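First comes the structure, then the notes that go with it.
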Amino acid sequence: MGHSELTGELIPRHLNVRVIAKDNLETFLGGLREFGEVFGPVEKERGAYIYAQLTDVKNVVQDAQRTVLPPKKYLYPQKEELFRFSTQEGYRKPESVDKGRKILFGVHPCDIHGLSILDKVFAGRYHEPRYFDRRDNLIIIGMNCLPDERCFCYSMGTDWVEKGFDLFLTELEDSYFVKIGTSCGEDLVHAQAELFRPVTDEDIQLYKERVNERNKMFVNRVELANLPQILELEYESEVWEELGRKCLSCGACSAVCPTCYCYEVYDVLDLNVETGSRIRRWDACLFKDFAKVAGGHNFREERSTRVKHRFYHKQVTFVEEFGRPSCVGCGRCVTQCPAGINLIDVFKEIRGEKVVHKSAR
Amino acid sequence: MSNQDIYVPQPATLLKKQPMTEYETFYEFKLDSGCELGHGPGQFLEISVPGIGEAPISISSSPTQAGIFQMVVRRVGNVTTALSKLGPGDKVGVRGPFGTKFPVDEVMKGKDILLVCGGIGLVPVRSAINYILDNRRDYGRLTILYGVKTPADRLFAEELAQWKATPEVTVLETVDRGDEAWDGHVGVITTLLPLVQINPAQTIAVICGPPVMYRFVLKELAKMAMEDESIFVSLERRMKCGVGKCGHCQMNDLYVCQKGPVFKYSEIKEVMEAI
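Sequences listed follow chains A and B, in order. In terms of the numbering used here, the first sequence is numbered consecutively and its last residue is 366. In terms of the numbering used here, the second sequence is numbered consecutively and its last residue is 334.
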């Protein structure tokens with residue numbers, strides 16, 4: 006039996022799933038505009054997908070591979086105004102952030118996990134109002150993607166989602182199996198009920214086959230079980246020095262990471278030199294001055310120490326704080342690193358396994 | 060004014076300002092709300108100057124001094140330079156207090172206290188010193204070791220003289236390089252430690268100074284049979300947001316702005332990036 010969040014009543018399992026024909030999907034997405042602005046993956050350049058507003062639903066790429074930036078950009082923008090100030094009147098509490106409802110279509114399981122990790126980071130004693138204002142207004146329609154050679158979500162336990170979505174689609178032959186995750190998802194289906202049909206035994210059979218096939222498609226495996234401990238033991242390993250020589254400190258890995266959240270804060274004055282804004286912008290622990298204090302001491306002067314910090318924060322210290330690594334195995338850092346650093350290879354090296362070096366690109 | 064937003068500073072007014080050395084200036088503020096800051100010795104604030112930015116600054120006054128708070132700020136960056144140009148009546152923004160405190164109301168009570176300060180490390184420790192002196196009966200012997208580069212870098216010279224004249228208080232000072240007028244001790248801070256007699260089981264030590272100082276002082280304290288559990292260190296990091304999110308002050312898994320800046324040494328001994 007399923008559980009409806011809205012009513013708290015138990016509803017029969019078969020009501021939690023539907024099927025929509027692929028031919029109906031664009032109509033469905035178009036109809037979603039009744040609920041809010043609709044975003045989804047589009048092809049920006051050949052083979053490069055980004056999340057963008059679907060002003061024309063025909064642009065959506067239903068089977069897009071990983072997008073360049075993860076969906077965090079809709080909750081935690083690259084740059085945003087924290088508040089306004091004036092030299093005369095001081096600091097003004099911000100107007101509430103953009104609370105327009107957004108519907109994000111085509112979110113892969115790794116990215117849904119990425120958002121739930123950011124939820125943990127921005128909650129706690131110092132609750133982050135801007136993030137959660139947007140979060141509360143985000144509707145997520147997930148998509149069960151097929152892995153490529155850079156995906157290692159399977160190892161990170163993020164290849165599958167049981168929650169964190171309103172609807173979740175899995176491709177069958179010429180249709181999608183639709184799992185309804187929330188009462189909001191139920192409303193989305195209900196509003197265009199004519200586009201959906203009930204699930205048949207045949208659909209279920211096909212769905213199971215698809216899911217099983219997908220499980221066999223993951224070629225990358227990272228042994229996660231004792232990775233934090235091995236990393237701790239190898240804190241002084243030569244591998245970090247070597248990586249420090251290779252890394253360009255460009256921060257691309259952090260910018261594209263679904264769970265990197267570090268930021269810089271600075272003031273920008275208006276041209277009148279009286280008023281201005283305090284701005285928050287994504288930062289990266291790879292940048293040279295990240296840990297430098299005003300007196301000039303840099304706690305991570307060496308590039309190797311910065312690369313190491315990023316790896317340890319993702320895989321060791323985040324586990325201590327939140328019970329799981331902050332990596333979701335999406336493969337974006339592997340895709341974007343201009344120096345060809347592949348963290349799967351790094352972990353193998355740390356474990357003492359032989360690594361066959363190949364270009365990441 | 061209640062501030063629900065974790066990033067928006069509340070206004071405070073500069074009351075007094077006085078240069079202390081070539082680079083360090085003493086400031087006294089009060090919150091415009093009329094409320095007490097509600098801090099403990101060892102905590103810090105994020106101070107904003109509109110249009111310039113925000114910087115983490117230690118609080119130097121004791122919470123026993125009501126109605127105001129004091130800071131000593133070294134002029135090294137944009138915010139601290141802008142601060143140095145303000146005058147009485149000017150406004151700043153304040154967030155905090157943030158971070159952990161020297162355990163003046165916990166393990167320090169009833170104990171002899173050994174404070175080892177280098178340079179502007181005296182600034183946050185002064186909050187604890189005045190707190191201890193204002194609650195004198197709660198603590199045993201107070202020993203203050205203070206080292207600076209040259210005699211011209213000494214902070215709180217008048218207060219140092221007052222503390223020296225207080226019964227049951229020992230103040231030992233040193234400079235790395237003396238000048239013609241200096242007739243005191245010359246040498247790094249660790250050269251003062253052999254000059255003090257402590258009962259290690261009855262003593263709580265606090266270290267605060269430049270990053271390079273800690274490992275040498277810790278080594279000397281170990282020689283004096285001080286237990287790691289009885290040593291507290293206040294660590295400097297780039298505490299940009301103060302609320303454990305921005306990442307700049309991280310020391311392995313620890314956000315110094317939240318779990319620090321005051322740490323029990325035994326708790327961070329194994330933290331690779333700490334000392």
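Each residue gets a CB set at the ideal place from its N, CA and C atoms; glycine is no exception. These numbers come from a predicted model, not from an experiment.
| Query | Result |
| --- | --- |
| Name the chain B residues that come within less than 7 Å of residue 326 of chain A, Cβ to Cβ? | 312 |
| Report all residues from its chain with a CB closer than 8 Å to the CB of residue 274 of chain A; omit the five preceding and five following residues, and keep chain order. | 280 and 281 |
| Mark residue 23 of chain A as exposed unless 16 or more other C-beta atoms lie within 10 angstroms of its C-beta, in which case mark it buried. | buried |
| Helix, strand or coil for residue 176 of chain B? Go by DSSP, reduced to three states. | strand |
| Shorter than 8 Å from the beta carbon of residue 327 of chain B to some beta carbon of chain A? | no |
| Would DSSP call residue 168 of chain A helix, strand or coil? | coil |
| Which chain B residues are close to residue 229 of chain A, counting only those with a beta carbon under 7 Å from its beta carbon? | Within 7 Å Cβ-Cβ: nothing; residue 229 of chain A doesn't reach chain B, min ~18 Å. |
| To be precise: take each residue of the region 252-267 of chain A, compare its Cβ to all Cβ atoms of chain B, and keep it if any distance is under 8 Å. Which residues remain? | 266 and 267 |
| Helix, strand or coil, according to DSSP, for residue 222 of chain A in the structure here? | coil |
| Taking the Cβ atom as the reference point for each residue, do residue 355 of chain A and residue 236 of chain A lie within a distance shorter than 8 Å? | yes |
| Hey, residue 72 of chain A and residue 56 of chain A are a contact pair by Cβ (cut 8 Å); roughly how many whole angstroms apart? | 5 Å |
| Just to make sure I have the definition right: I need the residues of chain B whose C-beta is within less than 9 Å of the C-beta of residue 271 of chain A. Which are they? | 112 and 113 |
| I want to verify the contact list: residues of chain B whose CB lies under 9 Å from the CB of residue 319 of chain A, in sequence order. | Ordered by position in chain B, no residue passes the 9 Å Cβ test against residue 319 of chain A, which lies about 11 Å from the chain. |
| Kindly list, in the order they appear in chain B, the residues whose Cβ is closer than 8 Å to that of residue 91 of chain A. | 109 |
| Check residue 340 of chain B in the structure and name its three-state DSSP category. | This structure does not reach residue 340 of chain B, given that chain B is present from 60 up to 334, and the question cannot be answered. |
| So, helix, strand or coil for residue 270 of chain B, using DSSP? | coil |
| Kindly say whether residue 133 of chain A, judged by its beta-carbon, lies nearer than 8 Å to any beta-carbon of chain B. | yes |
| Go through its chain and collect everything with a Cβ distance to residue 400 of chain A's Cβ below 8 Å, but skip five positions before and after it. | For residue 400 of chain A there is no data in the structure shown, the boundaries of chain A being 6 and 366. |
| Residues of chain A with CB closer than 8 Å to the CB of residue 136 of chain B, please, in chain order. | 299 |
| Would you say residue 366 of chain A lies against chain B (beta-carbon separation less than 8 Å)? | Here the model assigns residue 366 of chain A a pLDDT of 42, short of 50, so the residue's position is not dependable, and the following value carries that caveat. No - not a single Cβ of chain B is within 8 Å of the one on residue 366 of chain A. |
| Flag residue 250 of chain B as yes if its beta-carbon sits less than 8 Å from any beta-carbon of chain A, otherwise no. | no |
| Is it true that the region 191-204 of chain B meets the region 162-172 of chain B, where meeting means three or more beta-carbon pairs spaced less than 8 Å apart? | yes |
| Check whether the region 232-246 of chain B and the region 296-305 of chain B touch, using three or more Cβ-Cβ pairs below 8 Å as the test. | no |
| Under the rule that 16 or more other beta-carbon atoms within 10 Å means buried, what is residue 13 of chain A, buried or exposed? | Note that residue 13 of chain A scores a pLDDT of 48, beneath 50, so its modelled location is shaky; the value from the coordinates is reported in the next line. Burial call: exposed. |
| Report yes or no: do three or more beta-carbon pairs, one from the region 145-162 of chain A and one from the region 80-95 of chain A, lie closer than 8 Å? | no |
| Within 10 angstroms of the Cβ of residue 331 of chain A, are there 16 or more other Cβ atoms? Answer buried if so, exposed if not. | buried |
| Listed in chain order, which residues of the region 195-220 of chain A have Cβ atoms closer than 7 Å to some Cβ of chain B? | none |
| Span of the beta strand (DSSP E) holding residue 85 of chain B? | 83-90 |
| Going along chain B in order, which residues have a C-beta closer than 8 Å to the C-beta of residue 312 of chain A? | Simply none; closest approach about 14 Å. |
| Identify, in the order they occur along the chain, each residue of the same chain with its Cβ nearer than 6 Å to the Cβ of residue 184 of chain B, setting aside the five sequence neighbours on each side. | 174, 176 and 267 |
| Buried or exposed: which applies to residue 300 of chain A, given that a residue is buried once 16 or more other Cβ atoms fall within 10 Å of its Cβ? | exposed |
| Are the beta-carbon atoms of residue 82 of chain B and residue 73 of chain B separated by less than 8 Å? | no |
| With a cut-off of 8 Å, does the C-beta of residue 94 of chain B fall near any C-beta of chain A? | no |
| Report yes or no: do the region 222-235 of chain B and the region 139-147 of chain B share at least 3 C-beta pairs separated by less than 8 Å? | no |
| What distance in whole Å lies between the Cβ atoms of residue 141 of chain B and residue 111 of chain B, which are believed to be in contact at a cut-off of 8 Å? | 4 Å |
| Is there at least one Cβ from chain A nearer than 8 Å to residue 64 of chain B's Cβ? | yes |
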